[in-house]
Amino acid sequence: MQLYRETHAERIAKSDQNGMISSVLSVSAPLDVERIRADFPILQRKVNGRRLIYLDNAATTQKPRQVIDALVDFYTTTNANVHRGVHTLSVESTDAYEAARERIGRFIGADRPEEIVFVRNTTEALNLVAVSWGRANLQPGDEILATTLEHHSNLVPWQRVAQETGARIRLIRLTLDGTVDLDDYRRLLSPRTRVVAVAHASNVLGTISDLGTISEMAHKVGAIVVADGAQSVPNVPTDVRTLGPDFLAFSGHKMLGPTGIGGLWGRLELLEEMPPFLGGGGMIREVFEDRATWAPLPEKFDAGTPNIADAIALGVAIDYLDDLGMSNVRAHEVEVAGYALERLASIPDVTVYGPSDPRVRTGVVSFNLEGVHPHDAGTVLDEAGIAVRAGHHCCQPLHRVLDVAATLRASFYVYNSADEVDALVDALATARRLYQRKTA
Ligand code: C6P
Numbered sequence: 183m184q185l186y187r188e189t190h191a192e193r194i195a196k197s198d199q200n201g202m203i204s205s206v207l208s209v210s211a212p213l214d215v216e217r218i219r220a221d222f223p224i225l226q227r228k229v230n231g232r233r234l235i236y237l238d239n240a241a242t243t244q245k246p247r248q249v250i251d252a253l254v255d256f257y258t259t260t261n262a263n264v265h266r267g268v269h270t271l272s273v274e275s276t277d278a279y280e281a282a283r284e285r286i287g288r289f290i291g292a293d294r295p296e297e298i299v300f301v302r303n304t305t306e307a308l309n310l311v312a313v314s315w316g317r318a319n320l321q322p323g324d325e326i327l328a329t330t331l332e333h334h335s336n337l338v339p340w341q342r343v344a345q346e347t348g349a350r351i352r353l354i355r356l357t358l359d360g361t362v363d364l365d366d367y368r369r370l371l372s373p374r375t376r377v378v379a380v381a382h383a384s385n386v387l388g389t390i391s392d393l394g395t396i397s398e399m400a401h402k403v404g405a406i407v408v409a410d411g412a413q414s415v416p417n418v419p420t421d422v423r424t425l426g427p428d429f430l431a432f433s434g435h436k437m438l439g440p441t442g443i444g445g446l447w448g449r450l451e452l453l454e455e456m457p458p459f460l461g462g463g464g465m466i467r468e469v470f471e472d473r474a475t476w477a478p479l480p481e482k483f484d485a486g487t488p489n490i491a492d493a494i495a496l497g498v499a500i501d502y503l504d505d506l507g508m509s510n511v512r513a514h515e516v517e518v519a520g521y522a523l524e525r526l527a528s529i530p531d532v533t534v535y536g537p538s539d540p541r542v543r544t545g546v547v548s549f550n551l552e553g554v555h556p557h558d559a560g561t562v563l564d565e566a567g568i569a570v571r572a573g574h575h576c577c578q579p580l581h582r583v584l585d586v587a588a589t590l591r592a593s594f595y596v597y598n599s600a601d602e603v604d605a606l607v608d609a610l611a612t613a614r615r616l617y618q619r620k621t622a
């Protein structure tokens, strides 16, 4: 049996045995998709003469009118720098920016707004921790454990800091269904372990890591847990206090917000003892000729003029998600991804990666169509107006274990529907016919 794969026959046998897939389909619709779609202007456009079917949400989501309006409104009525002026616009801008920080903190269960650092994206958040915490705390002989499914963003920064400090990286294996192998993790954990880098949800397999157990085990040996929430915060109700990591990184653009804004949540005591990531205006208390002291949190990590408008618009995106209800967002994703898993299983030459139970994964479904390169299949889908991603999805170590150079990935969000899954399956059938005829 090959790792993390299920063939058509295995999948059918499994669904016959436990009826799981059909029970997923009987879940009543948790979201009013038609009403939601009306909020997203881009979903009205055509691509290659066909209605756009946007299934690349793990790369970035589309933006509702409310978020677009918030950006226009900020620049039309309020625009000014924050924390620097006494004039009315600056005060209003500062208030809106800090309200967004508070809003984002509440969304993920932070105790205090100072625990939220604004960054550009998940990548910057993870680099901040690796550079700022890593350089100050790692030394030769220390070990950094990362899982085999990590996105390069939670691996490469650690490789760089390991090279600088003499620490060593070790990869935790995955189980056959593509989750973090807790036995292998237990075997690797030791008093030498200082950092555990783990994606809360995989952007390829969709699997959700048991962050609570992983954090508890790490803390027993005195290690910190750096969780990558890029694919979980947008989809799964998140409470950092119950999940227990020490840091959680996420990107606004994957949760209906603008590009260029994201968040790092960190435990207050860790953020307080860490040196700043960047130096410059806004992050200092006092500056002398040869040295400086730092402003308190959160300003210590807010060097330079921040991305004010996008932070405020991210707060609006979070209001939108909260209005939908994160448990409804999650239920919708289980329903649509469950239907996609079932429909893909009906195509004989499709191999789907990751578990077949949609309840243990997010709305990310990666697969391959035998004899058709993912980029070719992606092009045929594009001709039908369907946007998916093809490639290694910035997870080369995982693709090496899957033993494929690339996969096709459909990823679903709040505005996707079952008929879009049907259109995907029809277009894949076209790709299969076209390319199998070519190779015959
Ligand atoms: N994954 C995808 O198509 P940024 O680019 O910094 O906003 O997010 C990085 C990142 C980190 N971790 C995970 C699990 C991710 O999925 C991503 C972004 C996109 O899968 C772009 S490569």
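Our numbering runs 182 ahead of the 1-based position in the sequence shown.
Positions of the beta carbon are idealized from the N, C-alpha and C atoms, including for glycine.
A quick note: this is a predicted structure, and the numbers were derived from the prediction, not measured.
Taking 7 Å as the cut-off, does the CB of Asp-492 come closer than this to any heavy atom belonging to the ligand C6P?
-> Indexing the sequence shown from 1 puts residue 492 at position 310. The answer is no for Asp-492.
Any 3 or more C-beta pairs closer than 8 Å across the segment 507 to 526 and the segment 256 to 266 = Output reads no: the segment 256 to 266 does not touch the segment 507 to 526.
Tell me, which residues are paired with Tyr-236 by DSSP?
-> Start at 1 with the first residue of the sequence shown, and residue 236 comes out as number 54. Within the DSSP bridge table, the entry for Tyr-236 names Ala-569 as partners.
Can you name the start and end residues of the beta strand (DSSP E) that Ser-397 belongs to?
-> One-based indexing of the sequence shown puts residue 397 at position 215. For Ser-397, there is no enclosing beta strand (DSSP E); the residue is part of the alpha helix (DSSP H) that begins and ends at 393 to 402.
Just jot down, in chain order, the residues whose CB lies closer than 5 Å to any heavy atom of the ligand C6P.
-> The filter returns Ala-240, Ala-241, Asn-303, Thr-304, Thr-305, His-333, Ser-335, Ala-381, Asn-385, Asp-410, Ala-412, Gln-413, Ser-433, His-575, Cys-576, in chain order.
From Gly-426, Thr-389, Pro-419, residue whose alpha carbon lies closest to that of Lys-402 = Numbered from 1 along the sequence shown, position 220 holds the residue referred to as residue 402. Of the listed residues, the one whose Cα sits closest to Lys-402 is Gly-426.
What did DSSP end up calling Phe-289 once you bin it into helix, strand or coil?
-> Locating residue 289 in the sequence shown gives position 107, counting from the first residue. The three-state reading of DSSP puts Phe-289 in helix, counting H, G and I together.
What residue range is occupied by the uninterrupted alpha helix (DSSP H) comprising Asn-309?
-> One-based indexing of the sequence shown puts residue 309 at position 127. Taken as a continuous stretch (DSSP letters only), the alpha helix (DSSP H) holding Asn-309 covers 304 to 310.
Pull up the distance between the alpha-carbon of Asp-324 and that of Met-437, whole angstroms please.
-> The sequence position of residue 324 within the sequence shown is 142, counting from 1. The sequence position of residue 437 within the sequence shown is 255, counting from 1. About 35 Å.
Chain-order list of residues whose beta-carbon lies under 6 Å from that of Gly-316 (same chain, five-residue window excluded) = Here residue 316 refers to the residue found at position 134 of the sequence shown. Non-local beta-carbon contacts of Gly-316 in its own chain, meaning distances under 6 Å to residues more than five positions away in sequence, involve Val-343 in chain order.
Inter-residue CB distance, Val-386 and Cys-577 (contact presumed, cutoff 8 Å) = Indexing the sequence shown from 1 puts residue 386 at position 204. Indexing the sequence shown from 1 puts residue 577 at position 395. Contact between Val-386 and Cys-577 holds, since their C-beta atoms are separated by about 5 Å, short of 8 Å.
Could you check where the alpha helix (DSSP H) with Asp-410 kicks off and where it finishes?
-> In the sequence shown, residue 410 corresponds to position 228, counting from 1. Not the alpha helix (DSSP H): Asp-410 falls in the beta strand (DSSP E), residues 406 to 410.
Endpoints, the beta strand (DSSP E) within which Ser-433 is located = Translated into the one-based positions of the sequence shown, residue 433 becomes position 251. Here the beta strand (DSSP E) through Ser-433 covers 429 to 433.
Counting pairs of Cβ atoms below 8 Å between the segment 437 to 451 and the segment 294 to 311, do you hit three or more?
-> Enough Cβ pairs lie closer than 8 Å, so yes.
Taking Cβ positions, are Ala-215 and Ser-599 nearer each other than 8 Å?
-> In the sequence shown, counting from the first residue as 1, residue 215 sits at position 33. In the sequence shown, counting from the first residue as 1, residue 599 sits at position 417. Looking at the sequence itself, residue 215 is Val, so the reference to Ala does not match. The beta carbons of Val-215 and Ser-599 sit closer together than 8 Å.
CA-CA distance, Glu-481 and Arg-285?
-> As a position in the sequence shown, residue 481 is number 299, starting the count at 1. As a position in the sequence shown, residue 285 is number 103, starting the count at 1. Taking the CA atoms as reference points, Glu-481 sits about 17 Å from Arg-285.
Measuring alpha carbon to alpha carbon, tell me which of Val-607, His-575, Ile-494, Thr-424 ends up nearest Thr-260.
-> Within the sequence shown, the letter at position 78 stands for residue 260. Ranked by Cα distance from Thr-260, the first of Val-607, His-575, Ile-494, Thr-424 is Ile-494.
Contact check, Val-607 vs Leu-526 under 8 Å by CB: the rounded distance?
-> Here residue 607 is taken as the residue at index 425 of the sequence shown, counted from 1. Here residue 526 is taken as the residue at index 344 of the sequence shown, counted from 1. Indeed they touch by this definition, with Cβ atoms about 7 Å apart.
So, using beta-carbon positions, are Thr-589 and Pro-416 closer together than 8 Å?
-> The residue given as residue 589 occupies position 407 in the sequence shown. The residue given as residue 416 occupies position 234 in the sequence shown. Taking 8 Å as the Cβ cut-off, Thr-589 and Pro-416 do not qualify as a contacting pair.
For the segment 227 to 239 against the segment 560 to 572, are there 3 or more C-beta pairs whose distance is under 8 Å?
-> Between the segment 227 to 239 and the segment 560 to 572 there are three or more inter-stretch CB-CB distances shorter than 8 Å, so the stretches are counted as touching.
Please list, in chain order, all residues of the same chain as Ile-194 whose beta carbon is under 7 Å from its beta carbon, the five residues on each side excluded.
-> As a working note, residue 194 is residue 12 in the sequence shown. Bear in mind that the predicted position of Ile-194 carries a pLDDT of just 40, short of 50, making it unreliable; the figure below should be weighed with that in mind. Cβ neighbours of Ile-194 beyond the five flanking positions: Ala-527.
CB Gln-413 to CB Ser-384, shorter than 8 Å?
-> Position 231 of the sequence shown, counting from 1, holds the residue named residue 413. Position 202 of the sequence shown, counting from 1, holds the residue named residue 384. In this structure, Gln-413 lies near Ser-384, with their beta-carbon atoms less than 8 Å apart.
Is it right to say Ile-290 is buried, meaning 16 or more other beta carbons lie within 10 angstroms of its own, or is it exposed?
-> As a working note, residue 290 is residue 108 in the sequence shown. Buried: at least 16 other Cβ atoms inside 10 Å.
Strand pairing of Leu-371, partner residues [DSSP] | Along the sequence shown, read from residue 1 onward, the residue named residue 371 stands at position 189. The secondary-structure analysis by DSSP pairs Leu-371 with nothing; it has no beta-bridge partner.
Look up Arg-473 in the DSSP assignment and say whether it is helix, strand or coil.
-> Reading the sequence shown from its first residue, position 291 is the one you call residue 473. Arg-473: coil per DSSP, three-state reduction.
contact_flag[the segment 454 to 463, the segment 482 to 501] where n(CB pairs < 8 Å) is 3 or more | Touching, yes.
Quick one: any contact between the segment 355 to 373 and the segment 332 to 340, if contact means 3 or more CB pairs under 8 Å?
-> Output reads no: the segment 332 to 340 does not touch the segment 355 to 373.
Mind checking Ala-587: buried by the 16 CB within 10 Å criterion, or exposed?
-> Position 405 of the sequence shown, counted from the first residue, corresponds to residue 587. Exposed, since its Cβ has fewer than 16 Cβ neighbours within 10 Å.
Span of the beta strand (DSSP E) holding Asn-550?
-> Mapped onto the sequence shown, residue 550 falls at position 368. If you look at Asn-550, you'll find it in the beta strand (DSSP E) that goes 546 to 551.
If you draw a straight line from the C-alpha of Phe-594 to the C-alpha of Leu-271, how long is it?
-> Along the sequence shown, one-based indexing puts residue 594 at 412. Along the sequence shown, one-based indexing puts residue 271 at 89. Whole-angstrom Cα-Cα distance: 39 Å.
Return helix, strand or coil for Tyr-595, following the three-state DSSP convention.
-> Taking the sequence shown and counting its residues from 1, one reaches residue 595 at position 413. Residue state, collapsed to three classes: coil.
Contact under 8 Å by Cβ, Ser-509 with Pro-419 | Locating residue 509 in the sequence shown gives position 327, where the first residue counts as 1. Locating residue 419 in the sequence shown gives position 237, where the first residue counts as 1. With respect to the 8 Å criterion, Ser-509 and Pro-419 are classified as neighbours on the basis of their beta carbons.
DSSP three-state call for Lys-245: helix, strand or coil?
-> In the sequence shown, counting from the first residue as 1, residue 245 sits at position 63. If DSSP states are grouped into helix, strand and coil, Lys-245 belongs with coil.
Could you tell me how far apart the beta carbons of Phe-300 and Ile-443 are, in whole angstroms, since I believe they sit closer than 8 Å?
-> For the purposes of this step, residue 300 is identified with residue 118 of the sequence shown, where counting begins at 1. For the purposes of this step, residue 443 is identified with residue 261 of the sequence shown, where counting begins at 1. For Phe-300 against Ile-443, the beta-carbon gap comes to about 7 Å, under 8 Å, which counts as contact.
Residue interval of the beta strand (DSSP E) (run including Ile-354) | As a position in the sequence shown, residue 354 is number 172, starting the count at 1. The continuous beta strand (DSSP E) containing Ile-354 extends over residues 350 to 354.
Per-residue burial, His-557 [other beta carbons within 10 Å of its own, 16 or more giving buried] = What you label residue 557 is simply residue 375 of the sequence shown in a count that begins at 1. With fewer than 16 other Cβ atoms within 10 Å, it is exposed.
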